[in-house]
Structure formats: C-alpha cells, structure tokens
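Written below as structure tokens is the structure these notes are about.
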Amino acid sequence: MQQATLSVQTKTITVQDTVGPTITVTPDTITLEAGSPSPDLLDGVTTDDGSTVTTTGSVDTSTPGTYVITYNSVDAQGNAAAPVTRTYIIQDTTDPVLTVPADVTLEFPADTTPANTGFATATDNALPAPTVTFSDVSVPGTGNIIEVITRTWTATDATGNSVSADQTITVQDTVGPTIHSYT
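Have a look at this one:
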C-alpha cells in the first residue's frame with residue numbers, strides 16, 4: 001500500500017483597496033434667482049461608498065454670476081476620488097422695488113428740486129443697490145396752476161432690470177398780490 005503524502009501550504013491573500021470613491025452630483029448645474037436662500041451645497045451629492053464629501057468654493061446668492069463648487073472625497077484607505085464640479089448660476093430677472101415720494105402741491109415761487117419734493121428710493125434682490133434717476137416733463141397750468149411737473153423716477157439694477165413710477169408736482173399761485181399804498 002502506498003502512503004499518501006499530505007502537504008499543507010499556507011497562502012496569505014491581501015486585498016488592497018486602491019480605488020477612490022466615485023462622487024455623483026445631481027444635477028450638475030443649478031440656476032437660482034438672486035436673493036434666494038443660500039443653497040445646501042451637498043444636496044444631491046453622494047459617493048458610492050458613503051465617504052464624506054468636502055467642498056471647495058462658495059455661492060453668494062446676493063450677487064448674480066456663475067459659481068463653481070468642487071467636490072472631493074477620500075475613503076477610509078486614503079484613496080481620493082476624482083474631483084467633480086457643480087455650477088451655480090445666480091441670475092437676477094426681478095425688477096427693483098421703487099418707492100416714489102408723494103405728489104406735492106407747492107406755492108409759487110417754488111423750489112421743485114428733489115431736495116424739496118422728496119427723493120425716490122429703491123431696493124433690489126441683488127447687490128449692488130439699484131441706481132435711481134429722474135426726468136421731468138413740465139406743462140403749463142391754467143387758472144391758479146402755474147405748472148404741473150411729471151417727475152418720472154427710474155430704478156435700474158446692475159443686470160439692467162428697471163422700473164419707473166411718476167410723482168406729480170403742482171405749482172400754484174393762490175396768494176393775491178400785496179397792494180402798497182404810497183401817500
């Protein structure tokens with residue numbers, strides 16, 4: 001009878017993870033209106049292995065423009081993911097809000113400058129603040145009305161959105177002449 005020879009060998013198999021995580025960013029472009037709340041930069045961002053994702057960059061929703069956020073991740077073995085980006089487009093399609101001074105009636109002779117009749121103010125959903133301008137159209141009045149000025153105020157923001165509103169300034173003469181007696 002032959003005797004069987006049994007040989008035992010030990011092998012060590014080492015499995016090494018050398019592949020970084022895969023980052024998924026959905027969607028890759030987000031458009032927001034200026035003045036919107038700041039977005040959650042990690043919303044819609046995942047990795048295939050649950051690794052933590054970090055971001056580089058920021059989004060300023062008060063200033064229209066294009067912002068690129070870069071996403072990175074490193075797994076527990078120190079393997080880095082290929083960076084992925086998302087583009088945020090902050091747009092301003094909203095007209096400024098314009099507040100004009102109340103209509104006024106002034107006695108002749110009258111100072112009809114805005115220092116006397118009031119200045120318009122404007123706010124906007126984005127920076128910088130809108131520019132406020134005005135133009136006047138004057139027409140002669142009748143009777144006690146000397147002239148009627150239609151002052152058109154216009155607010156224009158940095159992206160060209162604008163709004164206009166009118167203020168009416170009436171100049172009247174209701175004070176009779178003073179008669180002086182010379183004796």
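Numbering (full-length UniProt numbering), first residue to last: 1 to 183. Just so you know, even glycine gets a beta-carbon here, dropped at the ideal spot from N, CA and C. In this text the structure is predicted, and so the values were computed from the model without any measurement.
Assigned exposure category for residue i - 16 Cβ within 10 Å defines buried
| i | result |
| --- | --- |
| V15 | exposed |
| N116 | exposed |
| D124 | buried |
| D157 | buried |
| T73 | The displayed chain sequence assigns Ser, not Thr, to residue 73. S73 comes out buried. |
| A102 | exposed |
| A120 | buried |
| T78 | At residue 78 the sequence reads Gly, which differs from the Thr that was named. Its Cβ having fewer than 16 others within 10 Å, G78 is exposed. |
| A81 | buried |
| P177 | exposed |
| D28 | exposed |
| Y71 | buried |
DSSP bridge partner residues for residue i (one or two, in chain order)
| i | result |
| --- | --- |
| S73 | V53 |
| I145 | Q172 |
| Q91 | E33 |
| Q167 | R151 |
| D136 | R151 |
| T85 | T70 |
| V15 | According to DSSP, V15 bridges with nothing at all. |
| T156 | T131 and S162 |
| V97 | T123 |
| V104 | I169 |
For residue i, three-class secondary structure by DSSP
| i | result |
| --- | --- |
| T66 | strand |
| A122 | strand |
| T10 | coil |
| T117 | helix |
| A129 | coil |
| T46 | strand |
| S162 | strand |
| I23 | strand |
| A110 | coil |
7 Å CB neighbourhood of residue i in its chain, flanking five on each side removed
| i | result |
| --- | --- |
| V68 | G57, T85 and T87 |
| A165 | L98, V100 and W153 |
| G35 | T61, S62, N125 and A126 |
| G65 | I90 |
| T52 | S73 |
| T22 | T47, D48 and A81 |
Close-in-space but distant-in-sequence residues of the same chain around residue i (CB under 6 Å, 5 per side omitted)
| i | result |
| --- | --- |
| L127 | S62 and T63 |
| D95 | N161 and V163 |
| G118 | P101 |
Beta-carbon contacts of residue i that lie in its chain and below 8 Å, excluding the five residues immediately before and after
| i | result |
| --- | --- |
| Q172 | T105, L106, E107, F108, G141, N144, I145 and I146 |
Residue i CB to nearest heavy atom of the ligand GDP below 7 Å
| i | result |
| --- | --- |
| S164 | Because no ligand of any kind appears in the structure shown, any question about the ligand GDP cannot be addressed here. |
State whether the stretch 34-52 contacts the stretch 138-147, with contact taken as three or more CB pairs (one from each stretch) at a distance under 8 Å. With the cut-off at 8 Å, the stretch 34-52 and the stretch 138-147 do not touch.
At a cut of 8 Å, does the stretch 148-162 reach the stretch 125-133 through at least three beta carbon pairs? They touch, by the three-pair rule.
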